[in-house]
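Heads up, this note's numbering is the position in the sequence shown plus 49, with the first residue counted as 1.
Don't be surprised by glycine CBs; every beta carbon is placed ideally from N, CA and C.
Reviewing the structure listed below.
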Amino acid sequence: MAILVTGGAGYIGSHTVVELLQEGYDVVVLDNLVNGAREALYRVEAITGKAVRFIEGDVRDRALLDGVFAEHAIEAVIHFAGLKAVGESVEQPLAYYDTNVHGSIVLCQAMAAAGVYRLVFSSSATVYGPDAPVPYVETMPRGRTSNPYGSSKAMVEQALTDLCRADARWSVALLRYFNPIGAHPSGQIGEDPRGIPNNLMPFIAQVAVGRRPELSIFGDDYPTEDGTCVRDYLHVMDLADGHVASLSSLEAPGVHVYNLGTGQGVSVLEMVTTFERVTGQRVPYRIAPRRDGDLAAFWADASKAERELGWRAERGLETMLRDTWRWQEQNPQGYA
Ligand code: NAD
Ligand code: WQD
Numbered sequence: 050m051a052i053l054v055t056g057g058a059g060y061i062g063s064h065t066v067v068e069l070l071q072e073g074y075d076v077v078v079l080d081n082l083v084n085g086a087r088e089a090l091y092r093v094e095a096i097t098g099k100a101v102r103f104i105e106g107d108v109r110d111r112a113l114l115d116g117v118f119a120e121h122a123i124e125a126v127i128h129f130a131g132l133k134a135v136g137e138s139v140e141q142p143l144a145y146y147d148t149n150v151h152g153s154i155v156l157c158q159a160m161a162a163a164g165v166y167r168l169v170f171s172s173s174a175t176v177y178g179p180d181a182p183v184p185y186v187e188t189m190p191r192g193r194t195s196n197p198y199g200s201s202k203a204m205v206e207q208a209l210t211d212l213c214r215a216d217a218r219w220s221v222a223l224l225r226y227f228n229p230i231g232a233h234p235s236g237q238i239g240e241d242p243r244g245i246p247n248n249l250m251p252f253i254a255q256v257a258v259g260r261r262p263e264l265s266i267f268g269d270d271y272p273t274e275d276g277t278c279v280r281d282y283l284h285v286m287d288l289a290d291g292h293v294a295s296l297s298s299l300e301a302p303g304v305h306v307y308n309l310g311t312g313q314g315v316s317v318l319e320m321v322t323t324f325e326r327v328t329g330q331r332v333p334y335r336i337a338p339r340r341d342g343d344l345a346a347f348w349a350d351a352s353k354a355e356r357e358l359g360w361r362a363e364r365g366l367e368t369m370l371r372d373t374w375r376w377q378e379q380n381p382q383g384y385a
């Protein structure tokens, strides 16, 4: 039996495939490569010494999915495939609802037709909404969403919850990621954004490697200790381990919601100064206006995942930053 990993050629997916292979799972990856790299999977094979079955295709393609389920004995699906740029989602809402919402529905329809009822879904801390008190706890209701990306995640969470309510054969893990950063310790795979990075960590890494002149820090007048925003950054390898751990929750039917974070908040300025200290690289920055839609501070209550899955983020901030730098230094242009 194998695990189908949609979006497995992307950032979080490729690291999860490493952990799955090392845990002895067979893996089939489906990815249309809009934001992933075939090369990432060759490197996954080099790291693990194991083969990955790769299918280039779209998760919205029902006929293709039917073929995948017919050909491979799939026991569960980990569904990463999706679009994830918040700003782009405001400009192209239909593309986001189509890929993220419609894509998830087509996938579930194909799963049901094939008799596969176990699904792990990539959700996001963004579903708590801007008004939730910190730390975020899974028992809180989903909040209002402020962009189509966040709305698409909340909609899929709701659809999967309704599906489990309607049909007791389904078991679904909704994993709410906080801010994944870092890279595999080999430096072979990592985050390789196309164009100008939206997220803080790849931007810092590209400034350090000389691809960009300086970092803009979006606002230093937030009600936080140093005035910059606070987030819960977690190592992508810990996040990958969280996916493997979450497979055990699928033994029980119904919806299982888990925050995957460290439970610790770190400010933008702390990120920059710690990166400089552990890597010895300079990161020139300037203070820029606030970015629309940013929240001052949020982090996870990650105790449920520890209690129920025995999972906890083990790697600290320095490891996250060192591993990011190893990847960036060894691959200044990413996979290109
Ligand atoms: P990523 O863009 O690196 O990976 C997504 C992968 O999905 C890419 O390889 C892309 O080519 C593929 N894909 C996109 N549309 C597809 C389609 N229609 N059919 C098949 N494949 C398709 O992103 P990531 O950071 O690895 O994120 C993975 C998942 O986790 C996404 O669903 C994302 O929304 C979610 N998530 C990410 C973060 C984060 O900060 N990175 C936080 C919370 C949730
Ligand atoms: C972190 C902090 C920025 C870039 C987003 C999505 C979320 C999730 C992860 C999911 C913020 C500051 C950033 C820069 C900066 N995505 N920053 N200069 O905003 O917490 O979350 O990505 O799939 O849904 O909203 O992460 O890395 O963009 O920003 O000062 O050039 O860094 O203002 O305070 P964020 P981020």
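Would you list, in sequence order, the uninterrupted alpha helix (DSSP H) runs of no fewer than 4 residues that lie entirely inside the segment 202-283?
Within the segment 202-283, the complete alpha helix (DSSP H) runs of at least 4 residues are 249-257.
Exposed unless 16 or more other CB atoms sit within 10 angstroms - verdict on Gly225
One point to set straight first is that residue 225 is Arg, not Gly, in the sequence displayed. Here Arg225 is buried. Its C-beta has 16 or more other C-beta atoms within 10 Å.
Starting from the Cα of Thr373, find the closest Cα among Glu105, Ile245, Gln255, Ser200 and give me that residue.
Residue Gln255 is the option with its Cα nearest to Thr373.
Can you give me the C-alpha to C-alpha distance between Glu325 and Met250, rounded to a whole angstrom?
13 Å
So what does DSSP say about Phe170, is it helix, strand or coil?
In the displayed model, Phe170 falls within a strand according to three-state DSSP.
Does the beta-carbon of Val83, which I'm using as the reference point, lie nearer than 8 Å to any heavy atom of ligand 1?
yes
Quick check on Ile52 - is its C-beta less than 9 Å from some C-beta in chain C?
Among the chains in the structure shown there is no chain C, since it carries only a single protein chain.
Around ligand 2, which residues pass a check of Cβ closer than 5 Å to any of its heavy atoms?
Lys133, Val135, Ser173, Thr175, Asn248, Leu249, Phe252, Ile266, Phe267, Cys278, Arg280, Val317, Arg340, Asp343
Ligand 1 heavy atoms versus the CB of Asn149: any closer than 8 Å?
When distances are taken from the beta-carbon of Asn149 to the heavy atoms of ligand 1, the shortest one is below 8 Å.
Find out if the Cβ-Cβ distance for the pair Asp269, Gly276 is shorter than 9 Å.
yes
Using only the heavy atoms of ligand 1, determine whether one of them is closer than 8 Å to the beta carbon of Tyr60.
yes
Cross-strand partners of Tyr307 (DSSP beta bridge):
Leu224
Using C-beta distances below 8 Å, list every residue in its chain close to His151, excluding the 5 sequence neighbours before and after it, in chain order.
Arg109
CA-to-CA distance, Leu53 to Gly59, given in whole angstroms
14 Å
Out of Val77, Val83, Val126, point me to the one whose CA is closest to Arg102's CA.
When only C-alpha atoms are compared, the closest one is Val77.
Beta-carbon gap between Val126 and Asn247 smaller than 9 Å:
no
Does any heavy atom of ligand 1 sit closer than 8 Å to the C-beta of Phe129?
yes
If I'm right that Phe267 touches Asp343 with Cβ under 8 Å, what's the distance once you round it to whole angstroms?
6 Å
Beta strand (DSSP E) containing Leu79: first to last residue?
75-80
In whole angstroms, what separates the C-alpha of Tyr282 from that of Gly291?
14 Å
Beta carbon of Ser295: closer than 8 Å to some heavy atom of ligand 1?
In this structure, Ser295 has its beta carbon at no less than 8 Å from each heavy atom of ligand 1.
DSSP beta-bridge partners of Leu53:
Val77, Val126
Alpha carbon to alpha carbon, how far is Ile238 from Arg87? Give it in angstroms, no decimals.
11 Å
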